[in-house]
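Remarks on the structure that follows.
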Amino acid sequence: MRIGINVAKLREGKPREYVTRFLFGGAVTVVATLIARRYGPVLGGLFLAFPGIFAPGLSMTETHAIERKASRGAAGTLFARAEASIEAAGASAGALGLAAFAIVLWKGLPSHPLTLVLPPAGAAWLFVSVLFWWLRKRL
Numbered sequence: 000m001r002i003g004i005n006v007a008k009l010r011e012g013k014p015r016e017y018v019t020r021f022l023f024g025g026a027v028t029v030v031a032t033l034i035a036r037r038y039g040p041v042l043g044g045l046f047l048a049f050p051g052i053f054a055p056g057l058s059m060t061e062t063h064a065i066e067r068k069a070s071r072g073a074a075g076t077l078f079a080r081a082e083a084s085i086e087a088a089g090a091s092a093g094a095l096g097l098a099a100f101a102i103v104l105w106k107g108l109p110s111h112p113l114t115l116v117l118p119p120a121g122a123a124w125l126f127v128s129v130l131f132w133w134l135r136k137r138l
C-alpha cells in the first residue's frame with residue numbers, strides 16, 4: 000500500500016461522527032489535565048499522549064468501508080477490518096515517532112532553547128515514523 004491522501008473520504012463522514020470523534024478527543028485531554036493537576040505533569044503527560052481520536056477514527060473507517068461494499072452488494076466486513084488495520088499500523092508508526100520526538104525534547108530542552116530543539120525533534124519523529132512504516136511493509 001502506498002501512503003497517500005484521499006480527501007474524498009472526508010465526505011463519507013457524517014457531522015455527528017466528526018462531533019463524536021472530537022468530543023472524545025477533548026474529553027481525553029480534559030481527563031489528562033485533571034490527572035496532571037492531581038498527580039503532576041509526568042503522569043498527566045502520559046495520559047495526554049493517549050490517542051484520543053484513534054478509536055473513534057478506526058470505528059468510522061470500518062463503518063464507512065462496510066457501507067461502501069454494501070452499496071455494491073457485497074459483504075465488506077473483512078475488507079473493512081483490513082482497511083482499519085492499515086490505519087492502525089500507520090498510527091502505531093506515528094506513535095513510535097512521537098516517542099522519538101518526546102525523547103529528543105526531554106533530553107534537549109534542559110540545556111537548549113526550544114527553537115534549537117524543535118527541528119531535530121520533528122526530524123526524529125519523521126525519521127522514526129517512516130522507518131517503522133517501511134519496516135512494517137518489509138516484514
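Counted from 1, the sequence shown has number 48 at position 49 by numbering that gives the first Met the number 0; the numbering is strictly sequential.
Beta carbons are placed, not taken as given, at the ideal position from N, Cα and C, and that holds for glycine.
Selection from LEU9, ALA26, ILE34 and VAL129 that minimises the alpha carbon distance to ALA99: VAL129
Option nearest GLU16 by Cα separation, candidates PRO55, VAL27 and VAL29: Nearest C-alpha to GLU16: PRO55.
Nearest neighbour of VAL116, chosen from ALA122, TRP124, ALA123 and GLY107 [CA to CA]: GLY107
The stretch 11-26 contacting the stretch 53-69, beta-carbon criterion three pairs below 8 Å: yes
CB contact below 8 Å: ARG15 versus chain D: Going by chain labels, chain D is absent from the structure shown, which holds only one protein chain.
Where the alpha helix (DSSP H) through GLU11 begins and ends: Note, GLU11: premise wrong, no alpha helix (DSSP H); not H, not E.
Within 8 Å, strictly: CB atoms of ILE34 and PHE46: yes
C-beta atoms of ALA123 and VAL103 nearer than 8 Å: yes
ALA74, DSSP secondary structure in three states: coil
Minimum length 4: unbroken alpha helix (DSSP H) runs contained in the stretch 62-126: The stretch 62-126 contains, as complete alpha helix (DSSP H) runs of 4+ residues, the segments 76-107 (chain order).
Helix, strand or coil at PRO50 [DSSP, three-state]: PRO50: coil per DSSP, three-state reduction.
8 Å contact criterion, which GLY39 and THR32 should meet: CB distance rounded: GLY39 to THR32, Cβ: 12 Å. No contact.
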